[in-house]
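Here is the structure we will look at.
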Amino acid sequence: MLSRIGKENEWMRTTYQNRIRKRNRRIRSALAVLLAVLSLTACGNRSTPEERVLSVFEEQKDTICEMIREYGLGDAVQWHELGEELDGVLRVHNMAVPGYDDGVLQFLCIAEGIAPAGFEAGFYYSPDDEPILIGWGLSPEPAELTEDGEGYSWTDGTDNSYYTERICEHFYYYQEVN
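Under this note's numbering, think of the first position of the sequence shown as 902, with each following residue one higher.
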């Protein structure tokens, strides 16, 4: 009888251990699937800086054009305050650019890194509808932009570079890397 009870206890213990193992395997499998899904989600299609900036521009193009018609380019304080109302725009700045009496409106949308190693991207309003070098690369002498694919670029021969591309009449995308 004792041997029969011992065998039953052994059978129960083995059955219990098998159930625990199966449950643990299911949990590990579920965790592995969850981890794989999260990993793939993190590697999903991330939009490029240009796509992000163009999205901000397209969503607010009418508002910005209305603001330009209403306020012009000259009132820097006004533009700074109005820029706070634009979603996705970190700052609006009236840039003093040689050859443009009223300046050029710069809409900064992305700013990453710490100087002197940073990245900026946004768009600008060019009163003459010409590509312009704006931002940190400004100097008293206008820099030469060179045709580069769909747009124009500039570099000083180091890791400092600038790219601009026409979005639509008077508006250009830009990115600076330094």
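We put the CB at the ideal spot given by N, CA and C, even for glycine.
Note: TRP1055 is bridge-paired with TYR1063 in the DSSP secondary-structure output. At least 8 angstroms separates the beta-carbon of TYR1074 from that of PHE1008. By the Cβ test, the stretch 996–1007 is in contact with the stretch 1027–1036, since at least three Cβ pairs between them sit closer than 8 angstroms. Boundaries of the beta strand (DSSP E) around LEU1009: 1001–1015. Note on HIS994: 16 or more other CB atoms within 10 angstroms of its CB, so buried under the neighbour-count rule.
By a beta-carbon distance limit of 8 angstroms, GLY1050 does not contact ASP1003. Their separation comes to about 30 angstroms. Relative to TYR1026, the option among ALA997, ALA1012, GLU1048 whose CA is nearest is ALA997. The bridge partners DSSP lists for ALA1022 are ILE1011, GLN1076.
Taking a contact as a CB-CB distance under 8 angstroms, the pair LEU991 and ALA1012 counts as one, their CB atoms being some 6 angstroms apart.
In the DSSP assignment, ARG992 falls within the unbroken beta strand (DSSP E) covering 992–998.
The Cβ-Cβ distance between VAL1078 and SER1054 does not fall below 8 angstroms. For GLU1048, the enclosing beta strand (DSSP E) has its first and last residue at 1047–1049.
Cβ neighbours of GLN961 within its own chain (closer than 8 angstroms, five residues either side excluded): LEU987, ASP988, GLY989, VAL990.
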